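A.B. asks: Next up is a structure, given as structure tokens.
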Amino acid sequence: MCGDAYMIRHLQSGEILIFLVDAMGAGLSASLTSVSATSCINFLVDLYEREQRFDFGRLVSCFLAHSRTLLLDDEVLSCGFLHIGGSGTGSGAFFGLPPVLANGLDGSITKICGCNPPVTNLTESWQGQQVDLRPLAGLLLCSDGLTDAETTGGIYRERLGHDLAETFLAEELGHRFRQATAPHDDDTTFIRLSRLPAAAPFFTVTLAEPCRGDLALALRHLEQACHGQGCSSAAIDEFTQATDEALMNAFEHGCLAIGGEEKQVLIENGRYDSAIEQRATGGRIRLTASLNKAGDRHLLLLVIEDSGHGFDLRRTLARDIGVQRFQGRGITLIRSYTDHLAYNTQGNQAYLMKFVSLEGS
Amino acid sequence: MNIERSAAGELTIHGNIKSIDDYTAIKNQITGVIGTGNHDLTLRIPESFSLPSSVIGYLLKLKNRDNVRIRMTIGDRRLHELLSDLNLLGEFGVTLTS
Chain C
1 MCGDAYMIRH LQSGEILIFL VDAMGAGLSA SLTSVSATSC INFLVDLYER
51 EQRFDFGRLV SCFLAHSRTL LLDDEVLSCG FLHIGGSGTG SGAFFGLPPV
101 LANGLDGSIT KICGCNPPVT NLTESWQGQQ VDLRPLAGLL LCSDGLTDAE
151 TTGGIYRERL GHDLAETFLA EELGHRFRQA TAPHDDDTTF IRLSRLPAAA
201 PFFTVTLAEP CRGDLALALR HLEQACHGQG CSSAAIDEFT QATDEALMNA
251 FEHGCLAIGG EEKQVLIENG RYDSAIEQRA TGGRIRLTAS LNKAGDRHLL
301 LLVIEDSGHG FDLRRTLARD IGVQRFQGRG ITLIRSYTDH LAYNTQGNQA
351 YLMKFVSLEG S
Chain L
1 MNIERSAAGE LTIHGNIKSI DDYTAIKNQI TGVIGTGNHD LTLRIPESFS
51 LPSSVIGYLL KLKNRDNVRI RMTIGDRRLH ELLSDLNLLG EFGVTLTS
């Protein structure tokens, strides 16, 4: 049972709403409070989206009104809202959370302190603030379970800025946090936003109505292009393994429209290979690879986009892949061979990222 | 990648197992081994750090639908770790040689 909770919603407008809450205490009571808080926000977002009238200020005020009925007399709630618009600016409302950390494109780390105390059942007014995202490489929103965790000789807050500046992915920051701190009782939640690098691609190919042979050829060309960029052979081996899995996903599900259940039946009946070869293919797959500087390191980024309808990533990841399932392990394999895998909301764009060393460096 | 029949009911797969083409080659060789009514299959994979999901799915189908007993001897710890993450060490009787 966790007193922290978070919610990330992609709005119809393309904007994003992020909410993080840290309820006071621990156990069942804190868990109920945080779940109730996120339920309230989800309800309000759903309502506003149906009525096509999302309003950040109104959302926060309604949440505070709900909290006045939810919280006990001696209970407090730390939470933060971040609304990211399409113009590169954001609106924030932060109540008692640790300062938001912003790492700039120039390598600087700055604190964005909230303007409001923790929420109580008496909280009525609040102050929002604008966040300019354009000069930023990333943002970190977190509960105090991250900042106040004990390290040798201090607390993690003292090294958080340094670790944030030296890492790019949330997984990396989490790894550093676990290395630096001892296991502790407080719930720990952080949400890290990182701006994707934008180096010019060194490899771009579009496969129209591809067959399986086209995928293999594209993969060989990508491998050669990565060698041309000086990427180490070991990194290329693993990355092409991940790419092969992701390409097959795009081909099977995006171009041939073979769903997971159908693939299971095809494998069971020994007809998978013939279906791959004989089914009329349509659609297209586009690969775009770039090599980007991320601090002192090089990040290989491959975007694989297919023209299919996409898939529900959350539902796919939640499935239990038992030994009676003969398909469904591709994403696990991709993650094994990359440092990060992400998808767009629809599920027809995969972003494969891997830190690589360059030959001779 | 290349495949040799190293013993009765046994295939040794050298090199990295990477692509759907490797899956097809492995499947064809395995079909040749078990096609004669053999229900025991040993796969030796001394070098590969990876196993495509298509190969994994095919092996699971062999074991759980076609009742083929599978043993796997591998040489790369990364492959061992991958199969462990997928909860397949017991399923494929995996032994790590290095």
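Residue numbers (my numbering), protein chains in the order written: chain C, 1 to 361; chain L, 1 to 98. We put the beta carbon where it would ideally sit given N, CA and C, even for glycine. Bear in mind that the values here come from a model prediction, so they are computed numbers and not experimental data.
Could you have a look at Asp187(C) and say whether DSSP puts it in helix, strand or coil?
C.D. replies: Along the first sequence, read from residue 1 onward, the residue named residue 187(C) stands at position 187. Three-state DSSP puts Asp187(C) in coil, outside helix and strand.
A.B. asks: Could you tell me whether any Cβ in chain L is nearer than 8 Å to the Cβ of Ser336(C)?
C.D. replies: One-based indexing of the first sequence puts residue 336(C) at position 336. With 8 Å as the cut-off, Ser336(C) counts as an interface residue toward chain L.
A.B. asks: Considering only DSSP beta bridges, list what Asn116(C) is partnered with.
C.D. replies: Position 116 of the first sequence, counting from 1, holds the residue named residue 116(C). According to DSSP, Asn116(C) bridges with Phe95(C).
A.B. asks: Smallest Cα separation from Leu105(C): which of Arg314(C), Leu299(C), Pro197(C), Glu261(C)?
C.D. replies: Locating residue 105(C) in the first sequence gives position 105, counting from the first residue. Nearest option by C-alpha distance: Pro197(C).
A.B. asks: Any chance the segment 88-97 of chain C sits against the segment 125-135 of chain C, with 3 or more Cβ pairs inside 8 Å?
C.D. replies: Two segments are said to touch when three or more pairs of C-beta atoms, one from each, lie closer than 8 Å; by this definition the segment 88-97 of chain C touches the segment 125-135 of chain C.
A.B. asks: Between Gln278(C) and chain L, is the shortest Cβ-Cβ distance under 8 Å, so that the two count as touching?
C.D. replies: As a first step, residue 278(C) is located in the first sequence; it is residue number 278 there, counting from the start. Gln278(C) does not count as touching chain L.
A.B. asks: By the 10 Å Cβ neighbour count, where 16 or more other Cβ atoms means buried, how is Ala182(C) classified, buried or exposed?
C.D. replies: Counting from one through the first sequence, the residue named residue 182(C) turns up at place 182. Exposed.
A.B. asks: Rounded to whole angstroms, what's the CA-CA distance from Ser396(C) to Glu47(L)? Just pull it up for me.
C.D. replies: The question about residue 396(C) has no answer here: the residues shown for chain C are numbered 1 through 361.
A.B. asks: In three-state terms, what does DSSP make of Met1(L)?
C.D. replies: Position 1 of the second sequence, counted from the start, is the residue given in the question as residue 1(L). Secondary structure at Met1(L): coil, using DSSP grouped into helix, strand and coil.
A.B. asks: What's the gap between the Cα of Asp339(C) and the Cα of Gly310(C)?
C.D. replies: Along the first sequence, read from residue 1 onward, the residue named residue 339(C) stands at position 339. Along the first sequence, read from residue 1 onward, the residue named residue 310(C) stands at position 310. Straight-line Cα distance between these residues: approximately 22 Å.
A.B. asks: According to DSSP, simplified to helix, strand and coil, what is Arg111(L)?
C.D. replies: The structure shown does not extend to residue 111(L), since chain L is modelled only from 1 through 98, so no value can be given for it.
A.B. asks: Compare the C-alpha of Gly283(C) against each of His66(C), Ala275(C), Leu256(C) and name the closest.
C.D. replies: Position 283 of the first sequence, counting from 1, holds the residue named residue 283(C). Of His66(C), Ala275(C), Leu256(C), the residue nearest in Cα terms is Leu256(C).
A.B. asks: Using the beta-carbon of each residue, which ones in chain C are nearer than 8 Å to Asn67(L)?
C.D. replies: For the purposes of this step, residue 67(L) is identified with residue 67 of the second sequence, where counting begins at 1. Those do not exist, as Asn67(L) stays about 13 Å from chain C at its closest Cβ, beyond 8 Å.
A.B. asks: Got a sec, what are the start and stop residues for the beta strand (DSSP E) Lys293(C) sits in?
C.D. replies: The count along the first sequence starts at 1 and reaches residue 293(C) at position 293. Its beta strand (DSSP E) spans residues 284-294.
A.B. asks: According to DSSP, which residues form a beta bridge with Gln264(C)?
C.D. replies: Here residue 264(C) is taken as the residue at index 264 of the first sequence, counted from 1. In DSSP, Gln264(C) forms no bridge with anything.
A.B. asks: With a threshold of 8 Å between beta-carbons, can Pro46(L) be considered close to chain C, or not?
C.D. replies: Counting from 1 along the second sequence, the entry for residue 46(L) is found at position 46. It does not; no Cβ of chain C falls within 8 Å.
A.B. asks: Does the beta carbon of Ser19(L) come closer than 8 Å to any beta carbon on chain C?
C.D. replies: On the second sequence, position 19 is the one that residue 19(L) refers to. Closer than 8 Å to some Cβ of chain C, the Cβ of Ser19(L) qualifies, so yes.
A.B. asks: Please decide whether Gly57(L) counts as near chain C, where near means a Cβ-Cβ distance under 8 Å.
C.D. replies: Along the second sequence, read from residue 1 onward, the residue named residue 57(L) stands at position 57. Between Gly57(L) and chain C, the shortest Cβ-Cβ separation is below 8 Å.
A.B. asks: So with Cβ pairs under 8 Å, would you call Thr120(C) a contact of chain L?
C.D. replies: Stepping through the first sequence from its first residue, residue 120(C) is reached at position 120. No Cβ of chain L is located within less than 8 Å of the beta carbon of Thr120(C).
A.B. asks: Would a C-beta distance cut-off of 8 Å place Ile304(C) and Ile331(C) closer than the cut-off?
C.D. replies: For this step, residue 304(C) is matched to residue 304 along the first sequence. For this step, residue 331(C) is matched to residue 331 along the first sequence. No; because the gap between Cβ atoms is not below 8 Å, this pair is not in contact.
A.B. asks: Let me confirm a value: Asn16(L) is counted as buried when at least 16 other C-beta atoms fall within 10 Å, else exposed. Which label applies?
C.D. replies: Your numbering for residue 16(L) matches position 16 in the second sequence. Asn16(L) is buried by the Cβ-count criterion.
A.B. asks: Would the beta-carbon of Leu41(L) fall within 8 Å of that of Arg69(L)?
C.D. replies: Counting from 1 along the second sequence, the entry for residue 41(L) is found at position 41. Counting from 1 along the second sequence, the entry for residue 69(L) is found at position 69. Closer than 8 Å, so yes.
A.B. asks: Taking just the CA atoms, how far does Asp148(C) sit from Tyr156(C)?
C.D. replies: Locating residue 156(C) in the first sequence gives position 156, where the first residue counts as 1. Locating residue 148(C) in the first sequence gives position 148, where the first residue counts as 1. If I take the Cα positions, the gap works out to 6 Å.
A.B. asks: Judging by CA-CA distance, which residue of Ser108(C), Asp73(C), Val100(C) is the nearest neighbour of Glu166(C)?
C.D. replies: The residue you call residue 166(C) lines up with position 166 of the first sequence. The shortest Cα separation from Glu166(C) among Ser108(C), Asp73(C), Val100(C) belongs to Ser108(C).
A.B. asks: Just reading off the alpha helix (DSSP H) that Thr69(C) is part of, what are its end residues?
C.D. replies: If you number the first sequence from 1, residue 69(C) lands on position 69. From DSSP, the alpha helix (DSSP H) with Thr69(C) extends over 56-70.
A.B. asks: Quick one: what does DSSP say Glu359(C) is sitting in, helix, strand or coil?
C.D. replies: In the first sequence, the residue the question calls residue 359(C) occupies position 359. Coil, per DSSP.
A.B. asks: Going residue by residue through the segment 132-174 of chain C, where are the continuous beta strand (DSSP E) segments of at least 3 residues, counting only ones entirely within it?
C.D. replies: Listed in chain order, the complete beta strand (DSSP E) runs (minimum 3 residues) inside the segment 132-174 of chain C are 136-142.
A.B. asks: Check whether the Cβ atoms of Phe56(C) and Ile41(C) sit closer than 8 Å, and answer yes or no.
C.D. replies: As a working mapping, residue 56(C) is identified with position 56 in the first sequence. As a working mapping, residue 41(C) is identified with position 41 in the first sequence. For Phe56(C) and Ile41(C), no; Cβs fall outside 8 Å.
A.B. asks: Counting only beta-carbon atoms, is Thr123(C) nearer than 8 Å to chain L?
C.D. replies: As a first step, residue 123(C) must be located in the first sequence, where it is residue number 123. No, its Cβ sits nowhere closer than 8 Å to a Cβ of chain L.
A.B. asks: Against Ala216(C), what residues of chain L qualify as contacts under a CB-to-CB distance less than 9 Å, listed in chain order?
C.D. replies: The sequence position of residue 216(C) within the first sequence is 216, counting from 1. Residues of chain L passing the Cβ test: Ser19, Ile20, Asp21.
A.B. asks: Taking the beta carbon of Asn269(C) as the centre, do at least 16 other beta carbons fall within 10 Å, making it buried, or is it exposed?
C.D. replies: For the purposes of this step, residue 269(C) is taken as the residue at position 269 of the first sequence. Burial call: exposed.
A.B. asks: Kindly say whether Ser84(L), judged by its beta-carbon, lies nearer than 8 Å to any beta-carbon of chain C.
C.D. replies: Along the second sequence, one-based indexing puts residue 84(L) at 84. Chain C, which has no Cβ nearer than 8 Å to the Cβ of Ser84(L), makes this no.
A.B. asks: Going by DSSP in three states, Leu341(C) sits in which element: helix, strand or coil?
C.D. replies: What you label residue 341(C) is simply residue 341 of the first sequence in a count that begins at 1. Of the three classes helix, strand and coil, the one that applies to Leu341(C) here is strand, per DSSP.
A.B. asks: Within a Cβ cutoff of 6 Å, which residues of the same chain sit near Asn121(C), ignoring the five residues on either side of it in sequence?
C.D. replies: Within the first sequence, numbered from 1, the residue matching residue 121(C) stands at position 121. Around Asn121(C): Arg68, Leu71.
A.B. asks: Buried or exposed, going by whether 16 or more other CB atoms sit within 10 Å of the CB of Gln224(C)?
C.D. replies: Within the first sequence, residue 224(C) is the residue found at index 224, counting from 1. When all chains shown are included, Gln224(C) counts as exposed.
A.B. asks: Can you give me the start and stop residues for the beta strand (DSSP E) that Ser78(C) sits inside?
C.D. replies: Walking along the first sequence from the start, residue 78(C) turns up at place 78. Taken as a continuous stretch (DSSP letters only), the beta strand (DSSP E) holding Ser78(C) covers 77-84.
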